[in-house]
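2 protein chains.
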Amino acid sequence: MSARYVALSGGVGGAKLCLGLSHVLGDRLSIVVNTGDDFEHLGLFVSPDVDTTLYTLSGLVNPETGWGRRDETWTFMRALEGLGGPQWFNLGDGDLALHVERTRRLKAGETLTAITGDVARALGVKPRVLPMSDAPIATIVETDEGVLGFQHYFVRRRCEPVVKRLRFDGAERGTITPEIRAALNDPELRGIIVCPSNPWLSIDPLLAVPGLREALAAAPVPKIAVTPIIDGKAVKGPTAKIMGELGITPDAVAVADHYAGLIDGFVLDEQDASLSARIGTTVALAQTLMRTLDDKIALAQRCIGFCEKLAGRA
Amino acid sequence: MSARYVALSGGVGGAKLCLGLSHVLGDRLSIVVNTGDDFEHLGLFVSPDVDTTLYTLSGLVNPETGWGRRDETWTFMRALEGLGGPQWFNLGDGDLALHVERTRRLKAGETLTAITGDVARALGVKPRVLPMSDAPIATIVETDEGVLGFQHYFVRRRCEPVVKRLRFDGAERGTITPEIRAALNDPELRGIIVCPSNPWLSIDPLLAVPGLREALAAAPVPKIAVTPIIDGKAVKGPTAKIMGELGITPDAVAVADHYAGLIDGFVLDEQDASLSARIGTTVALAQTLMRTLDDKIALAQRCIGFCEKLAGRA
Numbered sequence: 020m021s022a023r024y025v026a027l028s029g030g031v032g033g034a035k036l037c038l039g040l041s042h043v044l045g046d047r048l049s050i051v052v053n054t055g056d057d058f059e060h061l062g063l064f065v066s067p068d069v070d071t072t073l074y075t076l077s078g079l080v081n082p083e084t085g086w087g088r089r090d091e092t093w094t095f096m097r098a099l100e101g102l103g104g105p106q107w108f109n110l111g112d113g114d115l116a117l118h119v120e121r122t123r124r125l126k127a128g129e130t131l132t133a134i135t136g137d138v139a140r141a142l143g144v145k146p147r148v149l150p151m152s153d154a155p156i157a158t159i160v161e162t163d164e165g166v167l168g169f170q171h172y173f174v175r176r177r178c179e180p181v182v183k184r185l186r187f188d189g190a191e192r193g194t195i196t197p198e199i200r201a202a203l204n205d206p207e208l209r210g211i212i213v214c215p216s217n218p219w220l221s222i223d224p225l226l227a228v229p230g231l232r233e234a235l236a237a238a239p240v241p242k243i244a245v246t247p248i249i250d251g252k253a254v255k256g257p258t259a260k261i262m263g264e265l266g267i268t269p270d271a272v273a274v275a276d277h278y279a280g281l282i283d284g285f286v287l288d289e290q291d292a293s294l295s296a297r298i299g300t301t302v303a304l305a306q307t308l309m310r311t312l313d314d315k316i317a318l319a320q321r322c323i324g325f326c327e328k329l330a331g332r333a
Numbered sequence: 020m021s022a023r024y025v026a027l028s029g030g031v032g033g034a035k036l037c038l039g040l041s042h043v044l045g046d047r048l049s050i051v052v053n054t055g056d057d058f059e060h061l062g063l064f065v066s067p068d069v070d071t072t073l074y075t076l077s078g079l080v081n082p083e084t085g086w087g088r089r090d091e092t093w094t095f096m097r098a099l100e101g102l103g104g105p106q107w108f109n110l111g112d113g114d115l116a117l118h119v120e121r122t123r124r125l126k127a128g129e130t131l132t133a134i135t136g137d138v139a140r141a142l143g144v145k146p147r148v149l150p151m152s153d154a155p156i157a158t159i160v161e162t163d164e165g166v167l168g169f170q171h172y173f174v175r176r177r178c179e180p181v182v183k184r185l186r187f188d189g190a191e192r193g194t195i196t197p198e199i200r201a202a203l204n205d206p207e208l209r210g211i212i213v214c215p216s217n218p219w220l221s222i223d224p225l226l227a228v229p230g231l232r233e234a235l236a237a238a239p240v241p242k243i244a245v246t247p248i249i250d251g252k253a254v255k256g257p258t259a260k261i262m263g264e265l266g267i268t269p270d271a272v273a274v275a276d277h278y279a280g281l282i283d284g285f286v287l288d289e290q291d292a293s294l295s296a297r298i299g300t301t302v303a304l305a306q307t308l309m310r311t312l313d314d315k316i317a318l319a320q321r322c323i324g325f326c327e328k329l330a331g332r333a
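So the sequences go chain by chain: A and B. Each residue of the first sequence is one higher than the last, beginning at 20 in our numbering. Each residue of the second sequence is one higher than the last, beginning at 20 in our numbering.
Here it is as structure tokens:
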């Protein structure tokens, strides 16, 4: 079987489903990952969602947090404190290896896509992990405290400021990468799955990359999204809070509406079955909370089956 | 008392005497440190002799090795290995904080001198630690295995290749820094002490900095050197091996000859008292092997007393 899938994903929540998809599909999966959260810190290029994806798929991830590395040490941060360096963004000692290597290779002129591919291979990750852009695109959060870079909003200010608007600086300079275009043009492609990531913070940046939304639309396969909202609440992170601040009712209906025109199907949590009639596209019900690896694999299989059904194959 | 001293130093051996001088002189000591060993590794600027000096004077140094930090962890190197990164040069997790901060600030256009000064203050180091140059000057080792950068010779090839010639690339572009010139022009200056570092690898690069040798010569104070060779052997490192390869008899006499014209006095180890008559300058005998802090302080006091004597003050 050579049926291939493309997933669109952000950080922790998206990576969970990607891990399930990876178990089912292996190298038949390509993951387009948000890089709007990327930033330079201490002169190092940090790519949080790409890293979370790589660590999750390689089994290196810290199972307590869902990001960073397991068995991490923090000697660097303690020494940095002794030098009077900034403490608001934690860089683990092992995690630093990835940032240092990526920074070195970016400065040597290599693309983030090429570097990420090599790291994935070195870590034994079978799916292709494709950054949404090789040009820097920065998610900027306009808040009641002023304009904040994403990590300043997310980490330094712990998502506390009220979000007024989100924008993606540099998007106009970006372009869909050849690797993403190839994945979306692959004749073996059978479906596109929008992971249960934050639509506004994690998926919108990706859809802002010139050419990407059009290439998704042109792909002649089912496109589905998995709800990141269950019973009006986000499993993790500020999705529901941000929706409220943007004047959007924080429920799965609003997420499906947000993806209108992009998707052919929506995976709604079983707890929200009563909302089915209000979802403006075909609905599949599933247990979308992924606590265990089995949960992740089951949801992955449900997504693949849904795509097959939408394509008239099942 | 405001009598000030300048020390010229390389790595581990020199730093031991600097620690002794630091205990006696505190902020009345300025240390001009070799930067010929500096190199870029993984995109990070590493300055081994400056680091060894800072770690030794702040008490952070690893007492087992004389370089690097005590209580160091190595998670970064293990993670780097997992990514297929180079393993020949070990960067400890805590040590990385200094390299990352220095690299960031150098790329922002700050001088190595300014950065080193701030780090010294943050670490509570009282003496001024002055890199020999703010422009990159690289010690290059011409060997029977070809031309090697210093760290490639010293660390990667463990000093095994036969040295044919040493050169200091970029020296012509360097210039004595304002901070070193000020230290040497200070009216309170009472002496200049060449530490027991490798004359060819650690002190010669420093003397190659345009203007530095002349400024040393112009300073109207006694200049002394402490032998790095005891009984024909180096306390540590490849000094004796390199002297042999360069066709020089590895003894204290050759070291004193090497510094002819620069120094007014030479501190010879008590074990080598029989060589006194062959030293071409005034000799002081001392126990130059520094095992304990008391040894370091005693040798520092001996050096200061020797300068006072040469100046006719004692």
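Yeah, the Cβ is synthetic: ideal placement off N, Cα and C, and Gly gets one too.
(1) Counting only Cβ pairs nearer than 7 Å, list the residues of chain A close to Ala141/B.
(2) Considering just the uninterrupted stretch of the alpha helix (DSSP H) at Leu131/B, what are its terminal residues?
(3) How is Leu281/A classed by DSSP in three states: helix, strand or coil?
(4) Does Gly168/B get closer than 8 Å to chain A when you measure Cβ to Cβ?
(5) Within 8 Å of any Cβ in chain B, is that where the Cβ of Asp108/A sits?
(6) Name, going along the chain, the residues of the region 110 to 124 of chain A whose beta-carbon falls closer than 8 Å to a beta-carbon of chain B.
(7) Strictly below 7 Å CB to CB, what residues from chain B border Val138/A?
(8) At 7 Å on the CB atoms, spell out the chain A contacts of Gly62/B, in chain order.
(9) If Val182/B and Leu265/B are in contact, beta carbons under 8 Å, what's the gap, nearest whole angstrom?
(10) When we look at the beta-carbon of Glu198/A and count the other beta-carbons within 10 Å, is it buried (16 or more) or exposed?
(11) Count the other C-beta atoms from every protein chain shown that fall within 10 angstroms of the C-beta of Ala236/B, then say buried if there are 16 or more, exposed otherwise.
(12) List the DSSP bridge partners of Glu59/B.
(13) To the nearest angstrom, how far is the alpha carbon of Val174/B from that of Leu231/B?
(14) Ignoring anything shorter than 3 residues, give me the beta strand (DSSP E) runs that lie fully in the region 210 to 295 of chain A, in order along the chain.
(15) Please classify Glu179/A as buried or exposed, where buried requires at least 16 neighbouring CB atoms within 10 angstroms.
(16) What three-state label does DSSP hand Glu100/B in the structure shown?
(17) Taking the alpha carbon of Thr307/A as the point to measure from, which residue in Ile298/A, Ser295/A and Asp291/A has its own alpha carbon closest?
(18) For Arg192/B, does the count of other Cβ atoms within 10 angstroms reach 16, so buried, or fall short, so exposed?
(19) Can you tell me where the alpha helix (DSSP H) with Leu112/B in it begins and where it stops?
(20) Since Ala133/B meets chain A, which of its residues come closer than 7 Å, beta carbon to beta carbon?
(21) Find the nearest neighbour of Thr301/B within the set Ala319/B, Asp313/B, Ile316/B and Cys326/B, judged by alpha-carbon distance.
(22) Looking at Val31/B: is its Cβ nearer than 8 Å to the Cβ of Gly103/B?
(23) Would you say Arg175/A lies against chain B (beta-carbon separation less than 8 Å)?
(24) Taking Cβ-Cβ distances below 7 Å as the criterion, which residues of the region 44 to 59 of chain B are in contact with chain A?
(25) Between which residues of its own chain and Pro241/B is the CB-CB distance below 7 Å, once the five residues before and five after are set aside?
(26) So with Cβ pairs under 8 Å, would you call Phe187/B a contact of chain A?
(27) Pull up the distance between the alpha-carbon of Ala190/B and that of Arg124/B, whole angstroms please.
(28) Hey, Leu76/A and Val144/A are a contact pair by Cβ (cut 8 Å); roughly how many whole angstroms apart?
(29) Applying the criterion that 16 or more other CB atoms from any shown protein chain within 10 Å of the CB defines a buried residue, is Lys315/B buried or exposed?
(30) I need the DSSP call for Lys315/B, collapsed to helix, strand or coil.
(31) For Glu129/B and chain A, any beta-carbon pair shorter than 8 Å?
(32) Return no unless some Cβ of chain B is closer than 8 Å to the Cβ of Glu83/A.
(33) How many Å lie between Asp163/B and Tyr172/B at the Cα?
(34) Using a beta-carbon distance below 8 Å, is Thr92/B in contact with chain A?
(35) List the endpoints of the continuous beta strand (DSSP E) containing Ala305/A.
(36) Would you please verify whether the beta carbon of Phe325/A is less than 8 Å from any beta carbon of chain B?
In short, the structure shows the following:
(1) Against chain A, a Cβ distance below 7 Å from Ala141/B picks out Gly101, Leu102 and Gly103.
(2) Per DSSP, Leu131/B belongs to the alpha helix (DSSP H) from Leu131 to Ala141.
(3) Per DSSP, reduced to three states, the secondary structure at Leu281/A is coil, with no helix or strand assignment.
(4) Not one chain A Cβ lies under 8 Å of Gly168/B.
(5) According to the sequence shown, residue 108/A is Phe rather than Asp. Contact with chain B is absent for Phe108/A, since none of that chain's Cβ atoms lies less than 8 Å from the residue's Cβ.
(6) Identification of residues in the region 110 to 124 of chain A having a C-beta nearer than 8 Å to some C-beta of chain B yields Gly111, Asp112, Gly113, Asp114, Leu115, Ala116, Leu117, Val119, Glu120, Thr122 and Arg123, given in sequence order.
(7) What Val138/A touches in chain B: Leu102.
(8) Simply Val119, Thr122, Arg123 and Lys126.
(9) Yes, Val182/B and Leu265/B are in contact; Cβ-Cβ is about 6 Å, under 8 Å.
(10) Counting other Cβ atoms within 10 Å of its Cβ, Glu198/A reaches 16 or more and is therefore classed as buried.
(11) Ala236/B is exposed by the Cβ-count criterion.
(12) Bridge partners of Glu59/B: Phe64/B.
(13) Between the alpha carbons of Val174/B and Leu231/B lies a gap of roughly 28 Å.
(14) Segments of the beta strand (DSSP E) lying fully in the region 210 to 295 of chain A: 242 to 245 and 284 to 288.
(15) Counting of Cβ neighbours within 10 angstroms places Glu179/A among the exposed residues, the total staying below 16.
(16) Correct three-state label for Glu100/B: helix.
(17) With distances taken between Cα atoms, Thr307/A lies closest to Asp291/A.
(18) Exposed, by the Cβ-count rule.
(19) One detail in the question is off: residue 112/B reads as Asp in this sequence, not Leu. Where Asp112/B is concerned, the enclosing alpha helix (DSSP H) stretches over Asp112 to Lys126.
(20) Within 7 Å Cβ-Cβ: nothing; Ala133/B doesn't reach chain A, min ~14 Å.
(21) Comparing alpha carbon positions, the residue from Ala319/B, Asp313/B, Ile316/B and Cys326/B closest to Thr301/B is Cys326/B.
(22) In this structure, Gly103/B does not lie closer than 8 Å to Val31/B by Cβ.
(23) No, Arg175/A does not count as interfacial toward chain B.
(24) Of all residues in the region 44 to 59 of chain B, none comes within less than 7 Å of chain A when Cβ atoms are compared.
(25) Short of 7 Å from the beta carbon of Pro241/B, and not among the five residues preceding or following it, lie these beta carbons of its own chain, in chain order: Gly210, Asp283, Gly284, Cys326, Leu329 and Ala330.
(26) At a cut-off of 8 Å, the C-beta of Phe187/B has no neighbouring C-beta in chain A.
(27) Between Ala190/B and Arg124/B, the C-alpha separation is close to 22 Å.
(28) Right, the Cβ-Cβ distance comes to about 4 Å (below 8 Å), so this counts as a contact.
(29) Around the Cβ of Lys315/B, a 10 Å sphere holds 16 or more other Cβ atoms; the residue is buried.
(30) Secondary structure of Lys315/B (DSSP, three-state): helix.
(31) The beta-carbon of Glu129/B is placed no less than 8 Å from the nearest beta-carbon of chain A.
(32) So, not an interface residue.
(33) A direct Cα-Cα distance of roughly 11 Å separates Asp163/B from Tyr172/B.
(34) Yes, its Cβ sits closer than 8 Å to a Cβ of chain A.
(35) Its beta strand (DSSP E) spans residues Thr301 to Ala305.
(36) No, its Cβ sits nowhere closer than 8 Å to a Cβ of chain B.
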